[in-house]
Each structure stands twice: as structure tokens, then as C-alpha cells.
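To start, the structure itself, in C-alpha cells.
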Amino acid sequence: MKTIYSHSDDDNFAWIYNKHWGPYANQALPILEQLMLPFLPSEAHILDLCCGTGQLATKLIAKGYSVTGIDVSNEMIRFARENAPNGDFIVQDARHFHFPRTFDAAVSTYDGLNFIMSPPELTTVFENVFESLQNGGIFLFDLNTEAGYLYHWEDGTFSIVEEDHACIVRYEYNADEKLVRFDVTIFRLLEGWLRTDLTFYQRCYSSFDIRYALNLAGFTDISIYGYHDELGLTELSLESERMYIVCRKS
Ligand SMILES: C[S@@+](CC[C@H](N)C(=O)[O-])C[C@H]1O[C@@H](n2cnc3c(N)ncnc32)[C@H](O)[C@@H]1O
16 MKTIYSHSDD DNFAWIYNKH WGPYANQALP ILEQLMLPFL PSEAHILDLC CGTGQLATKL
76 IAKGYSVTGI DVSNEMIRFA RENAPNGDFI VQDARHFHFP RTFDAAVSTY DGLNFIMSPP
136 ELTTVFENVF ESLQNGGIFL FDLNTEAGYL YHWEDGTFSI VEEDHACIVR YEYNADEKLV
196 RFDVTIFRLL EGWLRTDLTF YQRCYSSFDI RYALNLAGFT DISIYGYHDE LGLTELSLES
256 ERMYIVCRKS
């Protein structure tokens, strides 16, 4: 079975993620403001699934919401606790968590659920979210689409180079398996240059896969939108490189 990065590699990846990618979580805020927040009580309790380094939680807490974040990575959670000291953060696997009916809403942003490697596991994650929501609760998440992988991640590399760190990412999309493999090499100048290598995978799901899994878990009122960096939410099309999904526990 494919796994995400191992915990020994976790420290440096979480450090890089916190610095360079975590802030992108803010791009999701206008979407939440459009599709979810107006329908919640003003002091709603929100579950942030695969919360990463907690930048989105910080924004939600500043708006008066309570946030519980879960993430499988100890280091991501350590940064989340630093970034959002008023949040509640728990190291938990999205495939295995259980909360009683607690939350008014659940979110998962910036490809968190592309880290779930198979349709049955995705259904289990949705069942866990369903169980944790109050009746009427809203679940909103985004996913990279196959078009996104084909246009952005089919085969190639990108890098970040700064004074005291560098990160090189090589990626390759396998259309048969619907998996992108990311090989990441990180250099950090600590007492000397420290090198870390890790590999992780993302899987893409079609809108059909997602509707099917959400229906199995019990969700209704499912809407799926396309997303474009400049245009924001759009109608979902074969060219959409990311999608936002919103549904309800009715
Ligand atoms: C691309 S990051 C997104 C983080 C955050 N949602 C954001 O918007 O920045 C994906 C996160 O999913 C977490 N993750 C991957 N598999 C997971 C799982 N099975 N259960 C919980 N978290 C998981 C990773 O540790 C990582 O923090």
C-alpha cells in the first residue's frame, strides 16, 4: 500500500510546508465564505480534516469559530498548535477517527483528501466525517482533479532555493493508477547542510467517485464546482484543475 511520508522525514517537510505552502490555505477562505460560513451559527464548531500547519484554522478562529484540527503528522500538528494556539489539534488518521456528533461543519482544504489512496478508504473517511457532524452539518472540501494532474503534474520538477534551505520536488503522474508520485529532497542549513528525501503520493478521484462515496456515507445536497485560480468557483468541466465539493448531513 502507498503511504505518505514516514514520520522520521516529517520534521523538515512540515517546516517547508509551514513556510511555503500553508499560507495558500487562505485561498480557500473566500470559498468557505461563499458556500459554508453564512449557513453556520456564529460560534460554530468546525472540524478541519487533514489540517496541516493550521493556517486556515487561524483565520476561522479569528472569525469567532471554534476549530478542532486533525492530521496524521505529528510535526504538522506541532506547527498548527503554534500557529493557532486557541485551536484544538489532535494527531489522528482521517481514515480512523471517531467523534460523537460534535461539529456544525467540516472542511478539508488544499488537497488533503487526495492523500487518501483508494475509493473504499475515501468512503470510510466520509463516514467518519458524517458520524462527527450534527444533523444539518455541512462538509466542504477541495480536491485536485485529473486535469490538474495532467496539466500541472504530469511529469516534471520544481524547486525553491533560499539562503538557508532548498527544496526540489520531482513528480510523475501514472494515469492507469490515477496516482501522482512526488519525490521531495530538502536541504536545510542547520549546524551543517542537512538533507532529507521523502516520497508521497496523491490519488485523483472523478466527480462520479466522489458523489458515489458521499452517497454511501449518507451525505445529501451534494454540489461540485470547478475552481480556477483567477476566476474562483466555476462550473465543473473536464478542464477544471481543482474542484470544491459541498454537501450536507440532512
Ligand atoms: C497538502 S496538505 C493540506 C494541509 C491543510 N489542509 C492546508 O490547507 O494547508 C495535506 C495534509 O494531509 C495530511 N494527511 C495525509 N494523509 C492523512 C490522513 N490519512 N489522515 C490525516 N491527515 C492526513 C498531511 O499530513 C498533510 O498535513
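Every letter in the sequence shown is one number past the one before it in our numbering, and letter 149, counting from 1, is 164.
Idealized CB from N, CA, C, for every residue including glycine.
(message) Can you tell me whether residue 144 is buried or exposed? The criterion is at least 16 other CB atoms within 10 Å of its CB, across all chains shown.
(response) buried
(message) Which residue wins for smallest C-alpha separation from residue 158, given the options 217, 199, 135?
(response) 217
(message) For a test of your reading of the model: does the CB of residue 88 fall under 6 Å from any non-hydrogen atom of ligand 1? Yes or no.
(response) Residue 88 Cβ: within cutoff of ligand 1.
(message) Could you compute how far the alpha carbon of residue 129 sits from the alpha carbon of residue 220?
(response) Roughly 8 Å between the two C-alpha positions.
(message) With DSSP as the reference, identify every bridge partner of residue 210, one or two as the case may be.
(response) 202
(request) Starting from the N-terminal side, write out each stretch of the beta strand (DSSP E) that is 3 residues or longer and does not extend beyond the region 210 to 257. (result) 235 to 243, 247 to 250
(message) One question on the structure: do residue 264 and residue 148 come within less than 7 Å of each other, judged by their Cβ atoms?
(response) Going by C-beta atoms, residue 264 is nearer than 7 Å to residue 148.
(request) Answer yes or no: the CB of residue 91 versus the heavy atoms of ligand 1, is any distance below 6 Å? (result) yes
(message) On a Cα-Cα basis, can you pick out the residue from 51, 126, 87, 261 that is closest to residue 80?
(response) 51
(request) Could you work out which residue in 207, 198, 254, 262 is closest to residue 225 when comparing CA atoms only? (result) 262
(message) What does DSSP give as the partner residue(s) for residue 189 in the beta ladder?
(response) 194
(request) Starting from residue 50, follow the beta strand (DSSP E) in both directions and report where the run begins and ends. (result) Where residue 50 is concerned, there is no enclosing beta strand (DSSP E), although the alpha helix (DSSP H) it sits in stretches over 44 to 50.
(request) With DSSP as the reference, label residue 112 as helix, strand or coil. (result) coil
(request) Determine the direct distance from the alpha carbon of residue 184 to that of residue 19, and round the result to whole angstroms. (result) Note that residue 19 scores a pLDDT of 48, beneath 50, so its modelled location is shaky and nothing firm can be said.
(message) Rounded to whole angstroms, what is the Cα-Cα separation between residue 92 and residue 227?
(response) 31 Å
(request) Flag residue 259 as yes when its Cβ comes closer than 6 Å to any non-hydrogen atom of ligand 1, and as no otherwise. (result) No, the Cβ of residue 259 stays beyond 6 Å of every heavy atom of ligand 1.
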